[in-house]
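What follows is a short report on a single structure.
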Amino acid sequence: MNPELRRYAWLEMGTHRRVAAPAVLLLVFALFASGGDDGSWRERLYGPASVLTFVILFLWGTHQAAESVTEEVRERTWDLQRLSALGPWEMTLGKLLGAPMFAWYAGGLCLATMAFAATALPARVSVGWTVLATVAGAVFVHATALAASLQAVHRESRASRRLGVALLLLPVLLLMWVGPFIDRGGMAKSLSWYGMRFERLPFLAVSIVAFAAWAVFGAYRSFCRELQVRTRPWAWPAFALWLAAWSSGLAPPDIGFGRAFTVAGLLACLGATYVALFTDPTTAMKVRRVVAAWSRGDRRRALEELPLWPTSLAPAFAFALAAPAVFGGVQEWLDIPEWKAIGDFTARAPLALAFAAARDGAILVFFASAAKPRRVEGATILYLALLWWVIPGLLAVAGLASVAQLVNPFLSGSGTTAAVVMGAQSILAGGLAFSRWRRHYGVPARG
Amino acid sequence: MVPSAPIARVRGLGYEYPGVRALSGVSFALHRGTVTALVGPNGAGKTTLLRCLAGLDAPLEGAVEVAGVDVLDRPREAHRKLGYLSDFFGVYEALTVARCLAHAAAMQGGAEAEIGGAVRRTALRLGLSDRLGQAAGTLSRGLRQRLAIGQALIHGPELLLLDEPAAGLDPEARHALAALFRTLREEGMTLMVSSHILAELDEYSTHMLVIRGGEVVEQRALEGGAGPGERRLRLRLAAPRADLAATLGALTGVRVVEAGEREAVIALAGDETAQAALLAALLGAGLAVAEFAAERENLHDSYLRTVRPGEGARA
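So the sequence lines, in the order shown, correspond to chains A and B.
Under the numbering used here, the residue at position 203 of the first sequence is numbered 203, and the numbers go up by one with no gaps.
Under the numbering used here, the residue at position 200 of the second sequence is numbered 200, and the numbers go up by one with no gaps.
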């Protein structure tokens, strides 16, 4: 048996809890089943069982998964874990299934009740797909939380740890946002993916299974890093490309796969770059490790030490260079109200967007290269807000529109101008970041 | 006697904290069945070195090999061959002592059928047999320390790394710990122990590795030049003899470590019988022997002599 799984079984599944959980749930469900006049007693169970499944399996389980590593750090047992001979897969599965073990036990009872009640509903609900989507969704959020917890291990303050966890949970919010959006597109009953028609629920269930698999793989890669297992940096850009391939299938068929994939690829890679920028700590020492490995000709080690964000920024540039050639005809697809700003930017100046991500990355490295870096992500977000919105807005209000365009060149309306100005900004930011890094970290003092 | 093969090799190890070079060009080897005292001032890089050896922190440059396994390339495999006790360790407070030990054994890949026996043996060795059913969180500081050491060695590592293992222990517990380390050494385990308490290290260390400013200042056997199979002896005369070094050097089985006109330190190949024969030979050579005794170099003196040349206790 997986040792971590067994340890959690010792901790979480004591006799009292094993007996008390079903007993308490039975009483709660009996209360709901016996009260009210709406439908049969089985129908009345569906709502409470759904809510309890969400609360126990999703909220509590996610909390347990997120705490699994930070608790080890707090209790100073993390070194013991890292010193084990278990491989990253064993550790991933042990933590992923072990930390929320009791949530699976109690939540599983609620899910079974929900499935039992669903068969009695007047409107037929596909129980199998619902259960699959729920289980996969829970695995997805647990694995994401576990990965977030691993990313937060090296953060210097509790506040930034919370930020890391919060930002890595963005995919959950994103999924909640995308669902109704697909509905609004007139595909409530079915949807088209690469020209094939699918019922909405099975499509979402299978998609969530795929996202869950990626989340588990993400947790595995995070464990690899913690356990000093060497890996090459292909997973993060591969996820961005997969996301692009999945989402471009939702584009209207007449746009064409190549064009849809280019646009989705650019957006996915840029999104992945910004998510990585604020969740995967880019420290001056990490840069130092890359530079040191590169200097001694160890290219493999240099790649292994790379922060995540440059690995998705590189394909973003490739998509940006290809984008102008394929943009014709996709403007309408991008012209979705919720995505209008992104769509406008993407269509107008793809290369400038990639340069903007490079500049923003350089700004973060600049703050990370301070002599005593503190609140790096917070300072970066503040300065990005100033550069993207506040300063250009103030300049525009003051009647200095042309100066505002130098700060935020997307206001110019010209893709070429935007690319040139943002390219210059990224070079300037990169130069400042490198200069500061070299001053503080290029030649370290003796210990 | 040829020294045993190294169990650990460190080559050109470099490590940096933000803006600070913590380790620089650190190279050394640890031989099987030795206990190396890792000593140096605060901030010298002792903990960083131990963590790099254990594969917990990846160095900026250099190579670490434990029992033939490259720690940087195959850390999980290396962990089966080493044990490490951090200076700030934790135990699973809600688990019993038996479960803590069983979990540690399983985490190191111990076979299910053997874990029970390993738990009992480790508990017996560390004096925890009567505490197996007690929750780790209710143990005293000394017992927790013993449990943590038990977790580090339950899988029978070839190399055991300990960072301040006696911190917070009472004198009795420290004495028991020293006895345990001597036993482990006799069983063939190799230990590296970092501590500020030199007197404690003196009880069981065979070698000393001095680190300062992130660099190895010295590594040597504490017998002070006496090699394997040799005993170190101090000789003091009642009256000076200008030819003392030459006289000693001419004797069979004697190697002069240091010699003045009235005092000398020699390494003698052989046992107590050889020592008695040597005394007779010295008296026969007309030396006015006032003192002749086995000497083990004091770690404290040795350390001071290394880090402050000319200020050693006997200097």
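We treat Cβ as the ideally placed atom computed from N, Cα and C, and that holds for glycine.
Beta-carbon proximity check, residue i vs residue j, cutoff 9 Å
i, j, result
"residue 4 of chain A", "residue 90 of chain A", "yes"
"residue 24 of chain B", "residue 168 of chain B", "no"
"residue 290 of chain B", "residue 238 of chain B", "yes"
"residue 214 of chain A", "residue 239 of chain A", "yes"
"residue 123 of chain B", "residue 150 of chain B", "yes"
"residue 21 of chain A", "residue 102 of chain A", "yes"
"residue 441 of chain A", "residue 59 of chain B", "no"
"residue 190 of chain B", "residue 153 of chain B", "no"
"residue 292 of chain B", "residue 233 of chain B", "yes"
"residue 132 of chain A", "residue 236 of chain A", "no"
"residue 416 of chain A", "residue 364 of chain A", "no"
"residue 69 of chain B", "residue 63 of chain B", "no"
"residue 37 of chain B", "residue 279 of chain B", "no"
"residue 69 of chain A", "residue 150 of chain A", "yes"
"residue 212 of chain A", "residue 272 of chain A", "no"
"residue 293 of chain A", "residue 268 of chain A", "no"
"residue 211 of chain B", "residue 49 of chain B", "yes"
"residue 97 of chain B", "residue 133 of chain B", "yes"
"residue 207 of chain B", "residue 30 of chain B", "yes"
9 Å Cβ cutoff, residue i in contact with chain A
i, result
"residue 134 of chain B", "no"
"residue 300 of chain B", "no"
"residue 313 of chain B", "At residue 313 of chain B, the pLDDT of 41 sits below 50, so the modelled position is not reliable; the number obtained from the coordinates is stated separately. Not closer than 9 Å to any Cβ of chain A, the Cβ of residue 313 of chain B fails to qualify, so no."
"residue 18 of chain B", "yes"
"residue 89 of chain B", "yes"
"residue 294 of chain B", "no"
"residue 151 of chain B", "yes"
"residue 118 of chain B", "no"
"residue 72 of chain B", "yes"
"residue 112 of chain B", "yes"
"residue 8 of chain B", "no"
"residue 11 of chain B", "no"
"residue 68 of chain B", "no"
"residue 104 of chain B", "yes"
"residue 83 of chain B", "yes"
Residue-chain proximity (residue i, chain B), Cβ-Cβ < 9 Å
i, result
"residue 441 of chain A", "yes"
"residue 284 of chain A", "yes"
"residue 160 of chain A", "With a pLDDT of 49 at residue 160 of chain A, under the threshold of 50, the modelled position of that residue is not reliable, and the figure given next carries that caveat. By this cut-off, residue 160 of chain A is not an interface position."
"residue 75 of chain A", "yes"
"residue 292 of chain A", "yes"
"residue 233 of chain A", "no"
"residue 4 of chain A", "yes"
"residue 288 of chain A", "yes"
"residue 7 of chain A", "yes"
"residue 1 of chain A", "yes"
7 Å Cβ cut-off: residues of chain A touching residue i
i, result
"residue 108 of chain B", "84 and 85"
"residue 99 of chain B", "10"
"residue 54 of chain B", "83"
Listed by chain order, chain B residues near residue i by CB distance under 7 Å
i, result
"residue 152 of chain A", "Correct list: empty, because the minimum Cβ distance to chain B is about 18 Å."
Residue i: contacting residues in chain A (beta-carbon distance under 8 Å)
i, result
"residue 86 of chain B", "76 and 79"
"residue 124 of chain B", "Within chain A, no residue comes near residue 124 of chain B; the closest Cβ sits about 22 Å away, beyond 8 Å."
"residue 80 of chain B", "85"
Counterpart residues of residue i in DSSP-defined beta bridges
i, result
"residue 207 of chain B", "B:36 and B:221"
"residue 190 of chain A", "A:199"
"residue 70 of chain B", "B:65"
"residue 13 of chain B", "B:26"
"residue 194 of chain B", "B:38 and B:163"
"residue 96 of chain B", "B:135"
"residue 85 of chain B", "B:162"
Interface partners of residue i on chain B, CB under 8 Å
i, result
"residue 229 of chain A", "75 and 76"
"residue 371 of chain A", "19"
"residue 296 of chain A", "61"
Within chain A, partners of residue i - CB distance below 9 Å
i, result
"residue 196 of chain B", "None at all; the shortest Cβ gap to chain A is about 17 Å."
"residue 141 of chain B", "Within 9 Å Cβ-Cβ: nothing; residue 141 of chain B doesn't reach chain A, min ~14 Å."
Neighbour list for residue i in chain B, Cβ cutoff strictly below 9 Å
i, result
"residue 449 of chain A", "The first residue shown for chain A is 1 and the last is 447, placing residue 449 of chain A beyond what the model contains."
Proximal chain D residues relative to residue i, where beta-carbon distance stays under 7 Å
i, result
"residue 58 of chain B", "Absent from the structure is chain D; the protein chains it does hold are A and B."
Checklist entry - At which residue ranges does the segment 254-297 of chain B contain complete alpha helix (DSSP H) runs of 4 or more residues, listed in the order of the chain? => result If we require 4 residues or more, the alpha helix (DSSP H) runs fully inside the segment 254-297 of chain B come out as 272-284.
Checklist entry - Which ranges does the alpha helix (DSSP H) cover as unbroken runs of at least 4 residues, wholly within the segment 4-61 of chain A, from first to last along the chain? => result 15-34 and 41-53
Checklist entry - Which runs of the beta strand (DSSP E), 3 residues or longer, sit entirely within the segment 100-133 of chain A? => result none
Item to check | In chain order, each alpha helix (DSSP H) run of at least 4 residues that lies wholly inside the segment 249-302 of chain A | outcome: 257-279 and 284-295
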